[in-house]
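S.K.:
As structure tokens, then:
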């Protein structure tokens, strides 16, 4: 298992043009191995200027305790992955979406993360066998939707600290046989003021 610790401060990743099955635009730094953990010193202390790309059936990738801002793409872009876990991170002010899981991304999980002020969506996902789990996440002030799910993707929302608000068009947008399962009490104000 590889462990990468990123120090406090801003760290610029140059990134490369994404060459993906579905042609997502932008510049991203590829995660090229399985069983890797990338850990910052806290989302208020470590900032990555650039985005991560996890694809080609990589598995057991963890990203923890940092902030990601990618003005030239997505914060985290997953395509054909297994078990990607993000914990206590912010994905903000990205050109497109904070996190995008697409095409056979089996279980991308975010816990205690924020997805905010992104150009398109906080979280976007699409295609059969794409599963996104959001635990205690806040998603707000994004340019289109808080969450968008398309083409049979499944999103599960857990945790009473979950909040989806102040997005420009939709809080939760599901279409083309996608599902968003809300595992919260009926009185919980999950999505509001969008």
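Residue numbers (our numbering): -14 to 179.
Even glycine gets a Cβ: it sits at the ideal position worked out from N, Cα and C.
If you reduce the DSSP assignment to three classes, tell me which class residue 69 lands in.
M.R.: Residue state, collapsed to three classes: strand.
S.K.: Taking residue 1 as the reference, give the member of -7, 14 and -9 with the closest Cα.
M.R.: Out of -7, 14 and -9, 14 has the C-alpha closest to the C-alpha of residue 1.
S.K.: Verify whether the separation of the beta carbon atoms of residue 131 and residue 155 is less than 8 Å.
M.R.: Yes. Within cutoff.
S.K.: Starting from residue -10, trace the beta strand (DSSP E) both ways and give me its first and last residue.
M.R.: -13 to -10 is the span of the beta strand (DSSP E), which, as asked, contains residue -10.
S.K.: Any idea what DSSP makes of residue 163, helix, strand or coil?
M.R.: Three-state DSSP puts residue 163 in coil, outside helix and strand.
S.K.: Assuming residue 84 is part of the beta strand (DSSP E), what are its boundary residues?
M.R.: Taken as a continuous stretch (DSSP letters only), the beta strand (DSSP E) holding residue 84 covers 84 to 96.
S.K.: Residue 87 and residue 122: beta carbons closer than 8 Å?
M.R.: In this structure, residue 122 does not lie closer than 8 Å to residue 87 by Cβ.
S.K.: Mind pulling the beta strand (DSSP E) runs of 3 or more residues that sit fully within the stretch 15 to 42?
M.R.: If we require 3 residues or more, the beta strand (DSSP E) runs fully inside the stretch 15 to 42 come out as 21 to 24 and 31 to 34.
S.K.: Does the beta-carbon of residue 23 have 16 or more other beta-carbons within 10 angstroms, so that it is buried, or is it exposed?
M.R.: With 16 or more Cβ atoms within 10 Å of its Cβ, residue 23 is classed as buried.
S.K.: Provide the residue(s) that pair with residue 134 in DSSP beta bridges, ordered along the chain.
M.R.: Residue 134 is bridged to 110 and 159.
S.K.: Buried or exposed: where does residue 212 fall if 16 or more other Cβ atoms within 10 Å of its Cβ makes it buried?
M.R.: The first residue shown for the chain is -14 and the last is 179, placing residue 212 beyond what the model contains.
S.K.: If you measure from the beta carbon of residue 0 to each beta carbon in chain B, is any gap under 8 Å?
M.R.: Going by chain labels, chain B is absent from the structure shown, which holds only one protein chain.
S.K.: So, residue 134 versus residue 98, is the Cβ gap smaller than 8 Å?
M.R.: No; because the gap between Cβ atoms is not below 8 Å, this pair is not in contact.
S.K.: Just to check my reading of the structure: residue 11 and residue 58 have Cβ atoms closer than 8 Å, yes? What is that Cβ distance to the nearest angstrom?
M.R.: Right, their Cβ atoms sit about 2 Å apart.
S.K.: Cα separation between residue -7 and residue 162?
M.R.: Approximately 42 Å, taken between the alpha carbons.
S.K.: How is the beta strand (DSSP E) around residue 118 delimited, first residue to last?
M.R.: Element bounds for residue 118: 116 to 120.
S.K.: Quick check: what's the CA-CA separation for residue 179 versus residue 79?
M.R.: Between residue 179 and residue 79, the C-alpha separation is close to 19 Å.
S.K.: On the premise that residue -3 lies in contact with residue 35, defined as a C-beta separation below 8 Å, what is that separation, rounded to the nearest angstrom?
M.R.: Yes, residue 35 and residue -3 are in contact; Cβ-Cβ is about 6 Å, under 8 Å.
S.K.: Pick helix, strand or coil for residue 175, following the three-state DSSP scheme.
M.R.: DSSP places residue 175 in coil when its eight states are reduced to three.
S.K.: Since residue 112 contacts residue 136 with CB under 8 Å, what's their CB separation in whole angstroms?
M.R.: About 5 Å; that satisfies the 8 Å criterion.
S.K.: Between the Cα of residue 124 and the Cα atoms of 164, 93, 91 and 82, which residue gives the shortest distance?
M.R.: Nearest of 164, 93, 91 and 82 to residue 124, Cα basis: 82.
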